[in-house]
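A.B. asks:
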Amino acid sequence: MKKLKCLVVGGVLAALAANAADKRPNILWIVTDDQRADSLSCFNRAVYGTDENLLGYVESPNIDALAKEGVLFTRAICNSPACGPSRGSMHSGRYPFRNGHYAFELTHQKAEFVKPIVHQTIREYGYSTGAFGKMDSYIYTVPNAYNTDGLFGTRIHFKHDLQANGVGDIYSHVAGGNVDGQYTVLGNQEKVMYADGTVREYFINRKDAELTAEDVAHQKQTDREFDLLRAYPEGFYSKTLIYGGRNPQTADKTLDAYIVKEFKDYLANADKPYTTSYGETLTGVPSDKPFMIDVGLRLPHTPVLPPQSCRDRFKDKTYNVPEFEPADLEKLPPQLQQICKNMKIIATTPEDVEAKRAYSAEEVQKAMRDYFAFCAHGDAVIGDAVKAFKEYCAKNKRDYLIIYTVGDHGWQLGEQGIETKFTPWRQSIHNAAIVVSSDKTKFPPGKVYDGIVEYVDFMPTILAAGGVNIHDAQYDYLDGYDLAEVIAGKAIDRAYALGEMNLIYGPRAYLRSKEFGFSMRTRPGNALAKEGNLNKNIKWALECPVKAAELALYDLRQDPLERNNVAADPEYRALAEWFRRKLGNIVLGDGRVECDWSKMNSYNISLFAKGADNKKLDIPAGLVPTVKGVE
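Numbering (UniProt numbering), first residue to last: 1 to 631.
(1) Among I402, D482, V546, S360, which one has its Cα closest to the Cα of V321?
(2) Assuming V185 contacts M193 (C-beta within less than 8 angstroms), just tell me the rounded distance between them.
(3) Only counting the same chain, and skipping five residues up and downstream in sequence, which positions put a Cβ closer than 8 angstroms to that of P326?
(4) For D38, which residues in the same chain have their Cβ closer than 6 angstroms to its Cβ, ignoring the five residues on either side in sequence?
(5) Hey, how far is the Cα of A609 from the Cα of D590?
(6) Mind listing, in chain order, the continuous alpha helix (DSSP H) runs of no fewer than 4 residues lying wholly within the region 297-368?
(7) Nearest-angstrom Cα distance between K582 and D399?
(8) Give me the Cα-Cα distance between N469 and L463, rounded to the nearest whole angstrom.
(9) Determine which residues share a DSSP beta bridge with M292 and list them.
(10) Do I117 and S92 count as a contact pair if the criterion is CB distance below 8 angstroms?
(11) Starting from F73, trace the beta strand (DSSP E) both ways and give me its first and last residue.
(12) Under 7 angstroms Cβ to Cβ from A21, same chain only, skipping five residues before and after it: list those, please.
(13) With a 10 Å radius around its C-beta and 16 neighbouring C-beta atoms as the bar for buried, classify N601 as buried or exposed.
(14) Is H409 helix, strand or coil by DSSP?
(15) CA-CA distance, V353 and A367?
(16) Let me know if R508 comes out buried or exposed under the rule of 16 or more other beta-carbons within 10 Å of its beta-carbon.
(17) Assign R36 to one of three DSSP states: helix, strand, or coil.
(18) C595 by DSSP, collapsed to three states: which one?
(19) According to DSSP, simplified to helix, strand and coil, what is H377?
(20) Report yes or no: do the region 539-546 and the region 371-381 share at least 3 C-beta pairs separated by less than 8 angstroms?
(21) Would you say L72 and A432 are within 8 angstroms of each other, going by their C-beta atoms?
(22) Which partner residues does E419 have in the DSSP bridge list?
(23) Whole alpha helix (DSSP H) runs in the region 246-289 with 4 or more residues, listed along the chain?
(24) Among residues of its own chain, excluding the 5 on either side of Y505, which ones have a beta-carbon nearer than 7 angstroms to its beta-carbon?
(25) Per the contact definition of three or more C-beta pairs closer than 8 angstroms, is the region 75-91 in contact with the region 418-431?
(26) Near N205, which residues of its chain fall below 8 angstroms by C-beta distance, leaving aside the five closest residues on each side in sequence?
(27) DSSP state of F201, grouped into three classes?
(28) If contacts are defined as beta-carbon pairs under 8 angstroms, then E234 and M343 qualify, I think. What distance do you get, rounded to the angstrom?
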């Protein structure tokens, strides 16, 4: 749609919507970071029939209670297993291959194909909007600048507002200084903020220089004081990651507790000025109109630092360690072998631990305990946010909608031998969501929906709840569906979900159904697209030798943990090639955008297979091998 038309139509509809403002709900959208779906007991009960997951103990009483009030979506697939492109797809309502966002590019809204994000769109219909915590969709207003003016409405960012002003615990950041009159990156510093207000800061790596003895001493002190588990194994892409340890703050003073505090203070000071915890003067939420606010928690993203009160409840828990053998690794294509080597924590040979290629058995247990303890802390702060939100809605006599996205993507805790995200495997991309409405006819209490839904569904769900007619032609660009229509059987029953990313090991797309998990390399090189090569040689992944396409296929009917890549198995070879055609035609030829984001308006859209994304898996008879006991 043309931007001018959008503004005019939006203004008219906003005026119309205002007449029925009291009918439209306040909307709270909670998104956590790197959270596994199975960190929730309600998910485990729905999927496994037990409170615990396959690894062991979890705690989520507040979220379990929330799930009983609405619909639990147990098969919510993220559209990219990395925060930037995943959040970009959520905020834009478009797949990464259709919004041109595959990594941590500084995307912007000046290119003609770009549409407004969900916050901007719903504001056109009379809503106020806000964002607290982590947004980080890497969508900006202009090229080559971190400018978010006008995107979110009221915004308090976890890093630029809270951490930058002394609110937080332990975190690392890029450090720079003036060298010969120019700003120069000097390395990375780690900052430790104690409960008594004391602060320590030191380099954890220096650009073009060795760490000083003082740097090393500071890091050792931090490791000792807070029992830190760092990502030290050989080959790790970043040695600054913290996979376990004790938070310097008490449970009510962690970074995530402060994110929720800022949200609560914003509601508590409706229509009047107030001072934030870091000293900025803001005006509270307007009470004369509905709002849409997203609360982006940082947890359980690294640094994984549960407060001591949570850690104590998990200290005696023992977790099952996922099995992963060298033979599993040998069946993987080069891209996936690379990530298994670069993120390895599980020893596959007796020498791995001694050679510091993997964690010891106790370190693996520590990583698991602290991760799930951090998720338990998240349960508490989410419960706090939901309580404050409901109280505000009741006080102002307004309906509400709550969307809880369980992780912008998932997290692997030893599956495939690694601790990370970034992969096309189950624990990186198979998440969950909970949607609760004061209108129980739209999202019935206690319902579990096991059909496939995707993260691109959140934007249309929010817009529809706010009175937007998402079926109007101007919203045809949306790739997702209103989840209220999905559970009512009014939307297409998808046979698969899609995703893509170009980080760590290069460009790779995935297609996931209930029966199969498939992924492939999409482009011959790892570099992001630039002006002059946008969508050039776009059919490469369909025409190159099959080995170069680096196929991975898992038969989830008999291999739900994805240990046996059967793409090269003679019995599955034809099926793998069929998936290569299906996925390749969709992500390469059905509206693929490649954009040089450093330019104002340099992009190309590939349409050689328009309509390939029909949401159906019409696999020819005879291609799917028979599995005993499976129809």
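Note that beta-carbon positions come from the ideal geometry of N, C-alpha and C, so glycine has one too.
This structure is a prediction, so every number in the text was calculated from the model and none was measured.
C.D. replies: Answer, in terms of the structure:
(1) Taking the sequence shown and counting its residues from 1, the one referred to as residue 321 is at position 321. If we check each option's Cα against that of V321, S360 comes out closest.
(2) The count along the sequence shown starts at 1 and reaches residue 185 at position 185. The count along the sequence shown starts at 1 and reaches residue 193 at position 193. By a beta-carbon distance limit of 8 angstroms, V185 does not contact M193. Their separation comes to about 23 angstroms.
(3) The sequence position of residue 326 within the sequence shown is 326, counting from 1. Excluding residues within five positions, the ones whose Cβ falls inside 8 angstroms are T348, T349.
(4) Here residue 38 refers to the residue found at position 38 when the sequence shown is read from its first residue. Excluding sequence neighbours, D38 sits near N44, N53.
(5) As a working note, residue 609 is residue 609 in the sequence shown. As a working note, residue 590 is residue 590 in the sequence shown. Distance between A609 and D590, taken at the CA atoms: about 5 angstroms.
(6) Segments of the alpha helix (DSSP H) lying fully in the region 297-368: 308-314, 326-330, 334-342, 351-354.
(7) Looking up residue 582 in the sequence shown gives position 582. Looking up residue 399 in the sequence shown gives position 399. Computed Cα separation, rounded: 42 angstroms.
(8) Here residue 469 refers to the residue found at position 469 when the sequence shown is read from its first residue. Here residue 463 refers to the residue found at position 463 when the sequence shown is read from its first residue. Note on geometry: alpha-carbon atoms of N469 and L463 lie some 8 angstroms from one another.
(9) If you number the sequence shown from 1, residue 292 lands on position 292. BP columns for M292 point to I27, T129.
(10) Here the question's residue 92 lines up with position 92 in the sequence shown. Here the question's residue 117 lines up with position 117 in the sequence shown. A contact, by the Cβ cut-off of 8 angstroms.
(11) Position 73 of the sequence shown, counted from the first residue, corresponds to residue 73. From DSSP, the beta strand (DSSP E) with F73 extends over 71-77.
(12) Numbered from its first residue, the sequence shown carries residue 21 at position 21. Model confidence at A21 stands at a pLDDT of 45, short of 50, so the residue's coordinates are unreliable; what they give is reported in the following sentence. Answer for A21: G126, K289, P290, listed in chain order.
(13) By one-based count along the sequence shown, residue 601 stands at place 601. Classification of N601: exposed, given that the 10 Å Cβ count is below 16.
(14) Taking the sequence shown and counting its residues from 1, the one referred to as residue 409 is at position 409. Coil, per DSSP.
(15) Here residue 353 refers to the residue found at position 353 when the sequence shown is read from its first residue. Here residue 367 refers to the residue found at position 367 when the sequence shown is read from its first residue. Taken atom to atom, the span from the alpha-carbon of V353 to that of A367 is near 15 angstroms.
(16) The residue given as residue 508 occupies position 508 in the sequence shown. Counting Cβ neighbours within 10 Å, R508 comes out buried, since at least 16 surround it.
(17) Counting from 1 along the sequence shown, the entry for residue 36 is found at position 36. The DSSP-derived three-state label of R36 is coil.
(18) Residue numbering aside, residue 595 sits at position 595 when the sequence shown is read from its first letter. C595: strand per DSSP, three-state reduction.
(19) Position 377 of the sequence shown holds residue 377. Correct three-state label for H377: helix.
(20) When C-beta atoms of the region 539-546 are compared with those of the region 371-381, fewer than three pairs fall below 8 angstroms, so the two segments do not count as touching.
(21) Taking the first residue of the sequence shown as position 1, residue 72 is located at position 72. Taking the first residue of the sequence shown as position 1, residue 432 is located at position 432. In this structure, A432 lies closer than 8 angstroms to L72 by Cβ.
(22) Numbered from 1 along the sequence shown, position 419 holds the residue referred to as residue 419. Answer by DSSP bridge pairing, in chain order: L413.
(23) Runs of alpha helix (DSSP H) with 4 or more residues, each lying fully within the region 246-289, are found at 255-268, listed in chain order.
(24) As a first step, residue 505 is located in the sequence shown; it is residue number 505 there, counting from the start. Once the five neighbours on either side are set aside, the close Cβ partners of Y505 are Q335, Q338, I339.
(25) Cβ pair count under 8 angstroms is three or more, so yes.
(26) Your numbering for residue 205 matches position 205 in the sequence shown. Around N205: G187, N188, L211, K239, T240.
(27) Taking the first residue of the sequence shown as 1, we reach residue 201 at position 201. Sequence inspection shows Glu at residue 201; the Phe mentioned does not correspond to that position. If DSSP states are grouped into helix, strand and coil, E201 belongs with the strands.
(28) By one-based count along the sequence shown, residue 234 stands at place 234. By one-based count along the sequence shown, residue 343 stands at place 343. About 12 angstroms; that fails the 8 angstroms criterion.
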